[in-house]
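Peer 1: So the protein sequences, as listed, match chains D and U.
Residue 104 in the numbering used here sits at position 104 of the first sequence; the count goes up by one each step and never skips.
In short: position in the second sequence from 1, add 1000, done, that's the numbering used here.
Idealized CB from N, CA, C, for every residue including glycine.
Below you will find the structure I want to go over with you.
There are 2 protein chains.
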Amino acid sequence: MSARRNELTRAAARLFAEKGYHGTSVGDLAEALGMQKGSLYSHIESKADLLWEVASEGAAAFHAALDGVPEDGPVLDRIRDALRAHLRVVAEQLDVATVFVREWRYLEGERREAFVAERRRYEERFRALFREGRELGELRTDLDDGTAALLALSAVNWAYTWLRPGSDTDPLADRFTALLVDGMRGYNTP
Amino acid sequence: MSARRNELTRAAARLFAEKGYHGTSVGDLAEALGMQKGSLYSHIESKADLLWEVASEGAAAFHAALDGVPEDGPVLDRIRDALRAHLRVVAEQLDVATVFVREWRYLEGERREAFVAERRRYEERFRALFREGRELGELRTDLDDGTAALLALSAVNWAYTWLRPGSDTDPLADRFTALLVDGMRGYNTP
DNA sequence: CGCCCTTCCGAACGATCGTTAGCCTCCACA
DNA sequence: TGTGGAGGCTAACGATCGTTCGGAAGGGCG
């Protein structure tokens, strides 16, 4: 992929995140690259291609981040690492993450179905951590692991709305983890 | 406000939630009411008016729900009630909640600023619960209340993406609360 | 009855949408 | 040195966008 083509994808990610897919015109994209809108079609076949590309890049980034989490070791550590991994992607590729979380739904046809499947698979990998933790007894045996996974996924999926790009997200992930693990009950709360 | 005018607002909420603000045309709105698109302008001055109206309705609904939470009593109960209240609005007015959470950003000018202020105020009311809980000693005194509030807000703000309209949300809110309060640590986890 | 106000229609407005086409330039490589 | 493909230009396409306008129903009220 040529450098120019990559610039186009970057601009698409930025503009789709900022103004939304339908709020971004082909003219906007062309202007971001300093060219005429017709010239874009030397690089793409349609505007929808760009959405698909950015959304796919997001899916790949989140899956790759999760791949970096070891498959064994204490579950609590792996949950912490998974949160760290996800939030790191959000902070380092905020535009792509935003498209992955919010703009993907404007995909159409097979691409939409393929994306949804990848997204479901990602969430399932996340959920498995909590289920395994309960089954192995590393988490409370009466844990509602589905709710726990949902809570964790909500936290990281919402992060794109407020996280500043380039932030140091590990401490944040650790605070989330600590809260999920220990809860917030007072030492002498009934 | 006439019945017809109210139908228009309902259709706007539904379509904005389903297809996005920029993905919904005035023609789509007219079709939903079985009229010509020009006829809509007997009721509104612009498409942007509808977005403002739905977004404002969402803000009012969430604030009103929080108003129903007592100002005293055990903080844990009030946090549970706040989660219940929020999720109830999401389940009962999913379209409006979706616009409140996701589509508001296409508001422009003063309306956007006014909405952001209302949204910030809502989140602050939420945060205050956790801060107060820590200060009163009903939550752990070393609690990171900002993170706790963020986790709770993330959970409820993300709910519009998966919650089925009309669900019984109180048990769900209670599961969230229980997890936030007690955590998921195993009884003999180091 | 006569008037007005609300509501909708039908047609049209100019602007902008995503996309296509033909042509030109320039550089890599045979 | 000749050639081809990549990448850009300008111009235009038909479609659709949000909005405007004049007129026509129709019901409520004097």
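1. In three-state terms, what does DSSP make of Phe-16(D)?
2. For the putative contact between Val-181(D) and Arg-1185(U), defined by C-beta atoms under 8 Å, what is the C-beta separation to the nearest angstrom?
3. Three-state secondary structure (DSSP) at Gly-139(D)?
4. Please name the residues in the segment 1161 to 1181 of chain U whose beta-carbon is closer than 7 Å to at least one beta-carbon of chain D, in chain order.
5. Quick one: residues in its chain with C-beta nearer than 6 Å to the C-beta of Lys-1047(U), no 5 flanking neighbours on either side, listed in chain order?
6. Shortest alpha-carbon distance to Tyr-21(D) belongs to which of Arg-1164(U), Phe-1176(U), Tyr-1106(U) and Glu-1031(U)?
7. Within this structure, are the beta carbons of Ala-17(D) and Asp-142(D) separated by less than 8 Å?
8. Is the Cβ-Cβ distance between Ala-82(D) and Thr-169(D) less than 8 Å?
9. Hey, quick one: how far does the alpha helix (DSSP H) through Gly-27(D) stretch, first residue to last?
10. Going by Cα to Cα distance, which pick from Val-89(D), Ala-55(D) and Ala-178(D) is closest to Arg-953(U)?
11. Count the other CB atoms within 10 Å of the CB of Arg-1164(U); is the residue buried (16 or more) or exposed (fewer)?
12. Which stretch, first to last residue, makes up the alpha helix (DSSP H) that contains His-63(D)?
13. On the DSSP bridge list, what partners appear for Arg-1185(U)?
14. With respect to the alpha helix (DSSP H) encompassing Ile-213(D), which residues constitute its N-terminal and C-terminal limits?
15. Nearest-angstrom Cα distance between Trp-158(D) and Val-89(D)?
16. Using three-state DSSP, classify Ser-1042(U) as helix, strand or coil.
17. Counting C-beta neighbours from all protein chains within 10 Å, is the total for Leu-87(D) 16 or more, i.e. buried, or is it exposed?
18. When the distance is taken between beta carbons, is Ala-1012(U) closer than 8 Å to Val-1054(U)?
19. Should Gly-109(D) be labelled buried (16 or more other beta-carbon atoms within 10 Å of its own) or exposed?
20. If we ignore side chains and look at the alpha-carbon of each, how far apart do Met-1(D) and Asp-72(D) end up?
21. Quick one: is Trp-104(D) buried, meaning 16 or more other Cβ sit within 10 Å of its Cβ, or exposed?
22. Rank Ile-44(D), Thr-147(D), Asp-174(D) and Leu-136(D) by C-alpha distance to the C-alpha of Asp-1144(U) and give the top, closest one.
23. On the premise that Val-1075(U) lies in contact with Glu-1138(U), defined as a C-beta separation below 8 Å, what is that separation, rounded to the nearest angstrom?
24. Give me the Cβ distance between Leu-40(D) and Ala-30(D), rounded to the nearest whole Å; I'm assuming they're in contact under 8 Å.
25. With 8 Å as the threshold, decide whether the Cβ of Ser-25(D) is near any Cβ in chain U.
26. Quick check: what's the CA-CA separation for Arg-1131(U) versus Arg-1111(U)?
27. Look at the alpha carbon of Gln-1036(U) and the alpha carbon of Tyr-1122(U), and state the distance between them as a whole number of angstroms.
28. To the nearest angstrom, report how far apart Ile-1079(U) and Glu-45(D) are at their CA atoms.
29. Beta-carbon within less than 6 Å of Glu-1005(U)'s beta-carbon, same chain only, minus the 5 sequence neighbours each way: which residues are those?
30. Figure out for me which residue from Phe-1115(U), Arg-1125(U) and Thr-1098(U) has the closest Cα to the Cα of Leu-1066(U).
31. What is the rounded straight-line gap between the Cα of Thr-161(D) and the Cα of Thr-1009(U)?
32. Taking Ala-1061(U) as the reference, which of Trp-1052(U), Thr-1024(U) and Phe-1100(U) has the closest Cα?
33. Please name the residue in Gly-58(D), Ala-114(D), Gly-166(D) and Ala-64(D) whose C-alpha comes closest to that of Arg-102(D).
34. Within the 8 Å Cβ cut-off, does Glu-138(D) reach chain U?
35. Tell me whether Glu-118(D) is buried or exposed, calling it buried when 16 or more other Cβ atoms sit within 10 Å of its Cβ.
Peer 2: From the atom records:
1. Helix at Phe-16(D).
2. Distance from Val-181(D) to Arg-1185(U) at the Cβ level is roughly 5 Å; contact confirmed, criterion being Cβ atoms closer than 8 Å.
3. Reading the sequence as shown, one finds Leu at residue 139(D) and not Gly. Looking at Leu-139(D) - three-state DSSP - the assignment turns out to be strand.
4. Here the close residues are Arg-1175, Phe-1176, Leu-1179, Leu-1180 and Val-1181.
5. Val-1026
6. Tyr-1106(U)
7. no
8. no
9. Residues 26 to 33.
10. The displayed coordinates of chain U run from 1001 to 1190. Any statement about residue 953(U) would go beyond what the structure contains.
11. Burial call: exposed.
12. In the DSSP annotation of this structure, the continuous segment of the alpha helix (DSSP H) that includes His-63(D) starts and ends at 47 to 67.
13. Leu-139(D)
14. Past the boundaries of the shown model lies residue 213(D); chain D is included only from 1 to 190, so the question cannot be answered.
15. 13 Å
16. helix
17. If you draw a 10 Å sphere on the C-beta of Leu-87(D), you find 16 or more other C-beta atoms in it, and that means buried.
18. In this structure, Ala-1012(U) lies closer than 8 Å to Val-1054(U) by Cβ.
19. exposed
20. 37 Å
21. buried
22. Asp-174(D)
23. 4 Å
24. 5 Å
25. no
26. Those two C-alpha atoms are separated by around 30 Å.
27. Answer to the nearest angstrom: the Cα atoms are 38 Å apart.
28. 51 Å
29. Note that residue 1005(U) corresponds to Arg in the displayed sequence, not to Glu. These residues qualify, in order along the chain: His-1043.
30. Arg-1125(U) is the residue among Phe-1115(U), Arg-1125(U) and Thr-1098(U) whose C-alpha sits nearest the C-alpha of Leu-1066(U).
31. 27 Å
32. Phe-1100(U)
33. Gly-58(D)
34. Closer than 8 Å to some Cβ of chain U, the Cβ of Glu-138(D) qualifies, so yes.
35. buried
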